[in-house]
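*Asks:*
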Amino acid sequence: MNLLLEARGLHLKFGAIAALDDVAIDVSAGEVVAIVGESGSGKTTLLRVLAGQMAPDSGTVRYLGGDVLGMTEAERRRLMRTDWGFVHQNPRDGLRMGVSAGGNVGERLMALGARHYGNIRDEAKAWLQRVEIDAARIDDLPRHFSGGMQQRLQIARTLVTRPKLVFMDEPTGGLDVSVQARLLDLIRALVHELGLSVLIVTHDIAAARLLADRILVMRRGQVVEQGLTDRVLDDPQHPYTQLLVSSVLAA
Amino acid sequence: MTILLRTEGLGKTFTLHLQGGTRIPVLGGVDLAVRAGECVALSGPSGAGKSTLMRCLYGNYGAGAGRILLAHQGRDLDLARADARAVIEARRQTIGYVSQFLRVIPRVSTRDIVAEPMMARGVARVDALARASALLDRLNLPERLHGLPPATFSGGEQQRVNLARGFGPRHPVLLLDEPTASLDAANRAIVIGLIDEAKQAGTAIVGIFHDAEVREAVADRVFTVEPMQDAA
Amino acid sequence: MTEAGYNFAYLDEATKRMIRRAILKAVAIPGHQIPFGAREMPLPYGWGTGGIQVTASILGPQDVLKVIDQGADDTTNAVSIRRFFTRVAGIATTDATGEASIIQTRHRIPEKPLAENQILVYQVPQPEPLFKLEPHRAETRRIHALADYGLMHVRLYEDIARLGHIAKAYDYPVMVNERYLMSPSPIPAFDNPKMHQMAALQLFGAGREKRIYAVPPYTPVRSLDFEDHPFRPIRAPHACAICGSRTSYLDELITNDAGGRAFICSDTDYCQERQEAPKAAAE
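Sequences listed follow chains A, B and C, in order. If you read the first sequence in our numbering, its first letter stands for residue 1, the second for the next number, and so on. If you read the second sequence in our numbering, its first letter stands for residue 252, the second for the next number, and so on. If you read the third sequence in our numbering, its first letter stands for residue 484, the second for the next number, and so on.
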């Protein structure tokens, strides 16, 4: 399988605390990898380092063979606008709240040189529908959307340029349970339909089970267990994984 | 006929860290071979490890010892040692699993749930949906339920969705864990028919059949899973 | 005779040299904003201190200076600035566009096409075209450095979505040399096409914001637009009430309390020239 992202030997300390302690991870084309762990496990730090937003103390991150950590700001921005996408936990961090839904979705297209207003608008409408937002709301501001809608808008804005690899940081955090279910299913369907690779950080084990092919369990900066999602969740080997899985309340 | 799935010295021990590291050996030295067109029924008392063996065969449980060799794309793949991507590929193409419990994905219709593994194998969406509907009809699942997500279905209805999903893709190897558990006599007969057809098509089947009637109808051979002695 | 106690053109020579260095950098990178050490000038911010400092730095004894404000030579600001330079530099001044070597302007480009030996100095209140869209200067600097201008296109998209057309009537954003997004200063959008491939050197000075930028002669300057909403220079659809021009930018004057109005050329010198031309044909 096509290796998209490969990281080895990642170390990062914040003072005395090891946020990343010899972490390695791979993501291949078309696969969904979940990083689960509790607060302070280092999972969000790992995501940021992999996305080139934070530098580790040591280690390598390569995307399609190229060095991510050594990229210039210009290269990183270009990558983030084309091949990569980043879905933030709080949609306000990933949207322009003062710009209409259509403007938000169209921005990446315009940044890449799209110059036909009608086409940009049509593409924005199509994407809104794809994330189950009524296309009639294309000119509405995101601040008038519900949390779930804002998150779906963020997803549309990210996927409009058909990135190969999407980083997701707790995409369902802070949403109502029924809204979460809808969002997870939407993500699942889009990943499937578009053949995306996704690296998703979540503390929600059920979401990981639903979406991920492989799962990494992190604790105190270390990857304590990883493998096939259903294997790790149904037959956990590491004591911490066993604790995590047994702690999940069944509905 | 060729052996499509075999185990060599398969062992599985559970270590319960939350219970002070208690070790529970469930399987030890299991040597099982299943041929194309053959149905092997696992037998043994409750708790002997039949389900554990099934899950190991599917890669759902990690094997502690031994090998699990699957004839996959012209060569033998050791599922006990294969990485996650290889297991996913093996599940997509070669080995299927019908469990007792249906994993319900919210908002996806029954028909789509059944069609999905077929499409993963390369069947065109239109054909996959048609075959899905046909299987669901055959299993007597009312038409009006085909378009609904199965979350609210009864146990028996969910079981039939599971069966349709399992038998649709026509995997060369099929694992059936209590396939008729929640079904009435009429539907049990239909399942027997599905299993027979699969055998005719050369499918290697491993099954746990609680129901003696079904077991007698489909099993070519019985493999007994011996419960292990309690270890210290 | 120039005012005693002042260096030629008010600024000391070291300051002029510093500003000229900034100008050279600006000319070398068309459209890119160069910071400079703006000095205390004898008039407040918002009254053209940037333009005055640029003019003062390039002015020589042989130069002929024209100063216009909204196209007119005879408004208060134009008169003040022209008088200032007369007092501190003693240079010749003129109203005639064709006779000036340096033209300092607030908010208009002269109608008469400029020549290679002329310099147009613009007074700029806000040099940052992204100012209203991105409040952080560090971020706007990054945007310019990376030519990451999606934000501006979004603004134009929003205008069309909300209003059916791009709503910028003045200070309409332009791409200079297909590289830098630039604010042309609050000239009417109508004037933007004049900047494209202009034969004269264009210098821009912002005193309060302490930035200088430039468009060298014969540089491509393109107003941002969409393929299906192309840029159109807009003027009042009238003829000048005095000279009859149908192509120059017009000011609308209220003539009486009964709502009477007249449209006359904003560029006073242009209007004057047309009036004096013996056989001025109505366009």
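Every residue gets a Cβ at the ideal spot worked out from N, C-alpha and C, and that includes glycine.
Using a C-beta cutoff of 7 Å, does A/P171 count as contacting chain B?
*Replies:* It does not; no Cβ of chain B falls within 7 Å.
*Asks:* Following the continuous alpha helix (DSSP H) through C/F567, name the residue where it begins and the one where it ends.
*Replies:* Element bounds for C/F567: T559 to A572.
*Asks:* B/V473: buried (16+ other C-beta within 10 angstroms of its C-beta) or exposed?
*Replies:* Exposed: under 16 other Cβ atoms inside 10 Å.
*Asks:* Using a Cβ cut-off of 7 Å (strictly closer), state whether B/N311 contacts chain A.
*Replies:* Chain A, which has a Cβ nearer than 7 Å to the Cβ of B/N311, makes this yes.
*Asks:* Below 8 Å, how does it come out for the stretch 121 to 128 of chain A and the stretch 47 to 55 of chain A: are there three or more Cβ pairs, yes or no?
*Replies:* Segments in contact, no.
*Asks:* Going by DSSP, which residues form a beta bridge with C/A689?
*Replies:* According to DSSP, which records beta bridges pairwise, C/A689 is partnered with C/R694.
*Asks:* Starting from A/A51, find everything on chain F with Cβ-Cβ shorter than 7 Å and list it in chain order.
*Replies:* You won't find chain F in this structure, because its protein chains are A, B and C.
*Asks:* Quick one: list the residues of chain C neighbouring A/H116, beta-carbon separation under 8 Å, in chain order.
*Replies:* By Cβ distance, chain C contributes F709, E710 and D711.
*Asks:* C/R662 and C/G514 look like a contact to me (Cβ under 8 Å); what is the Cβ gap, rounded to whole Å?
*Replies:* C/R662 to C/G514, Cβ: 7 Å. Contact.
*Asks:* Compare the C-beta of C/V637 with all C-beta atoms of chain A and state if any pair is closer than 7 Å.
*Replies:* Yes - at least one Cβ of chain A is within 7 Å of the one on C/V637.
*Asks:* Does the beta-carbon of A/G227 have 16 or more other beta-carbons within 10 angstroms, so that it is buried, or is it exposed?
*Replies:* That one is buried.
*Asks:* Do you know how far the Cα of B/L414 is from the Cα of A/G85?
*Replies:* Answer to the nearest angstrom: the Cα atoms are 38 Å apart.
*Asks:* Can you tell me whether A/F14 is buried or exposed? The criterion is at least 16 other CB atoms within 10 Å of its CB, across all chains shown.
*Replies:* So A/F14 ends up on the exposed side.
*Asks:* Have a look at B/V548 and B/P400 and give me their C-alpha separation to the nearest angstrom.
*Replies:* Residue 548 of chain B lies beyond the stretch modelled for chain B, which goes from 252 to 483, so this question has no answer here.
*Asks:* Going by C-alpha distance, which of C/E582, C/G688, C/Y732 and C/I506 is nearest C/P676?
*Replies:* Looking at the Cα atoms, C/Y732 is the closest of the given residues.
*Asks:* Compare the Cα-Cα distances from B/A284 to each of B/T258, B/K301 and B/E394 and report the closest residue.
*Replies:* Nearest option by C-alpha distance: B/T258.
*Asks:* Quick one, which of B/H268, B/T266 and B/L308 has its alpha-carbon nearest B/D282's?
*Replies:* Comparing Cα-Cα distances from B/D282 to each of B/H268, B/T266 and B/L308, the minimum goes to B/L308.
*Asks:* Does A/N104 pass the burial test, meaning 16 or more other C-beta atoms within 10 Å, or should it be called exposed?
*Replies:* Looking at its Cβ environment, which holds 16 or more other Cβ atoms inside 10 Å, A/N104 is buried.
*Asks:* Would you check if the distance between the CB atom of A/T158 and the CB atom of A/V87 is smaller than 7 Å?
*Replies:* Contact flag set, yes.
*Asks:* Check whether chain B comes within 7 Å of A/M149, counting only Cβ atoms and requiring the distance to be less than that.
*Replies:* No, A/M149 does not count as interfacial toward chain B.
*Asks:* Quick one: grab the DSSP three-state call for B/R326.
*Replies:* Note: B/R326 maps to strand in three-state DSSP.
*Asks:* Using only alpha-carbon positions, find the residue among B/E394, B/D471, B/I459 and B/R376 that is nearest to B/L427.
*Replies:* The shortest Cα separation from B/L427 among B/E394, B/D471, B/I459 and B/R376 belongs to B/I459.
*Asks:* So, C/V607 versus C/T538, is the Cβ gap smaller than 7 Å?
*Replies:* Taking 7 Å as the Cβ cut-off, C/V607 and C/T538 do not qualify as a contacting pair.
*Asks:* Which same chain residues, not among the five before or five after C/M658, have their C-beta less than 7 Å away from its C-beta?
*Replies:* Around C/M658: L664, R705 and L707.
*Asks:* On the DSSP letters alone, give me the boundaries of the alpha helix (DSSP H) that B/R421 sits inside.
*Replies:* Counting along the chain, B/R421 falls outside any alpha helix (DSSP H), and DSSP gives it neither H nor E.
*Asks:* Would DSSP call B/A284 helix, strand or coil?
*Replies:* Strand, per DSSP.
*Asks:* Just checking: is the beta-carbon of A/A29 within a distance shorter than 7 Å of some beta-carbon in chain C?
*Replies:* Not an interface residue.
*Asks:* Using 7 Å as the limit for Cβ to Cβ distance, is A/Q242 near chain B?
*Replies:* By this cut-off, A/Q242 is an interface position.
*Asks:* Please report the Cβ distance between A/A114 and A/R81, rounded to the nearest whole angstrom; I am assuming they are in contact, meaning their Cβ atoms lie under 8 Å.
*Replies:* That pair is no contact at about 12 Å.
*Asks:* If contacts are defined as beta-carbon pairs under 8 Å, then C/V481 and C/E496 qualify, I think. What distance do you get, rounded to the angstrom?
*Replies:* Nothing about residue 481 of chain C can be reported from this structure: the residues present for chain C run from 484 to 766 only.
*Asks:* Can a CB atom of chain C be found closer than 7 Å to the CB of A/G113?
*Replies:* Closer than 7 Å: no.
*Asks:* Let me check understanding here. Comparing Cα to Cα, which of A/R62, A/V68 and A/Q150 lies closest to A/Q89?
*Replies:* When only C-alpha atoms are compared, the closest one is A/Q150.
*Asks:* I'd like to know if the stretch 679 to 687 of chain C and the stretch 593 to 602 of chain C are in contact, where contact means that at least 3 CB-CB pairs between them fall below 8 Å.
*Replies:* A contact exists between the stretch 679 to 687 of chain C and the stretch 593 to 602 of chain C.
*Asks:* Hey, is B/H268's beta-carbon within less than 7 Å of any beta-carbon in chain A?
*Replies:* By this cut-off, B/H268 is an interface position.
*Asks:* Go ahead and label A/L109 buried or exposed: buried means 16 or more other beta carbons lie within 10 angstroms of its beta carbon, across all protein chains shown.
*Replies:* Under this definition A/L109 is a buried residue.
*Asks:* For A/T202, which of helix, strand or coil comes out of DSSP?
*Replies:* Strand at A/T202.
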